[in-house]
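> Below is one structure. I have some questions about it.
In the numbering used here, the protein residues as written are 91 to 439.
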């Protein structure tokens, strides 16, 4: 009897140690954790902000960061973002965006590199450095230089706060997307590729929304440093091109460092309301949105999102109506209940 008990105890110990060995060998599944970094000006008003909260931040249980101009304490959206965000990195708009484009400690050398590229005869009238002035030597239209500068600033903060180690995905996005439905679940994405929405590529890759696996995030956002330290490479790539823009720069950069890109159907469109600042498209009115003061900046983007999300014009108006009156705590069930019951005409100003 005693020997049987001893054998039973020994067996239990063997099972216990085998279990410990199994746990040590099999890696623990990493919880999917996503950080959304919004960059640039907050546009689109309360409705656009609420759509982001409902269809993106709540959908992914995402943490939020912001890099852009100082937030307006009198603005509802700015105050809401300040409360929601884990990180807020504010930068005053400089007279010359070369201020943020260049690397700290290498300003003189980097400004010289920028000047050489921008004043290259075939490149001096392009639009990939908009906002970079260099005492008048550079006069590209648009805001690509500003958007590249925000990427560099986000890259610095990513390293400074060790954020790539804290998250599974880093999503780098504009701050003015009106979401008609949620993007794909993260289970549909590979951890070895960057995912961007279809469309608005202009010969390259849209800069507006990038889902980046965290182990690729630092390198993916490091385009300005690459640009400044590999000027011969970039001149060789850009001089033969026509209509050089930010989208083409991103495509060239990702290809050069071996980052693969895949596309998903778009679920949102960029929006603005009256008096929102803009350096490119002012947007155009749409019958389902004009009563809410919202203008889609790019109509094709709106049409793609309508198709992806299977939203007709009546439903679009209802969504705008609900996001006008509801806040981020609205559940998916409540949202669709509201959509099915409300009369859109009752939501108009």
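Even for Gly, the Cβ is constructed at its ideal location relative to N, Cα and C.
All of these numbers come straight from a predicted model, not from anything done at the bench.
Under three-state DSSP, which class holds residue 390?
Residue 390 falls in the helix class under three-state DSSP.
> The alpha helix (DSSP H) spanning residue 212 covers which residue range?
Counting along the chain, residue 212 falls outside any alpha helix (DSSP H), and DSSP gives it neither H nor E.
> Are the CB atoms of residue 360 and residue 275 within a distance shorter than 8 Å?
No.
> With a Cβ-Cβ cutoff of 8 Å, do residue 378 and residue 403 count as a contact?
Closer than 8 Å, so yes.
> Give the DSSP bridge partners of residue 263, in chain order.
128 and 299
> Could you give the DSSP three-state label for residue 154: helix, strand or coil?
Three-state result, residue 154: strand.
> Rounded to the nearest angstrom, what separates residue 302 and residue 325 at their Cα positions?
27 Å
> Check each candidate in 131, 411 and 277 and name the one with the smallest Cα separation from residue 159.
131
> Starting from residue 362, follow its DSSP beta bridges and name the residues at the other end.
385
> Please state whether DSSP places residue 352 in a helix, a strand or coil.
strand
> From this set, 224, 208 and 271, which residue's C-alpha is nearest residue 217's C-alpha?
208
> Please look up how many angstroms separate the CB atoms of residue 260 and residue 304, rounded, as I've assumed it's under 8 Å.
At roughly 5 Å, the Cβ-Cβ gap stays under 8 Å, so residue 260 and residue 304 are in contact.
> Which partner residues does residue 268 have in the DSSP bridge list?
Residue 268 pairs with 359.
> Report the three-state DSSP secondary structure of residue 167 (helix, strand or coil).
helix
> Return the bridge partner residues of residue 285 from the DSSP annotation.
301 and 352
> With DSSP as the reference, please indicate the residues paired to residue 178 in a beta bridge.
156
> Are the CB atoms of residue 228 and residue 145 nearer to each other than 8 Å?
no
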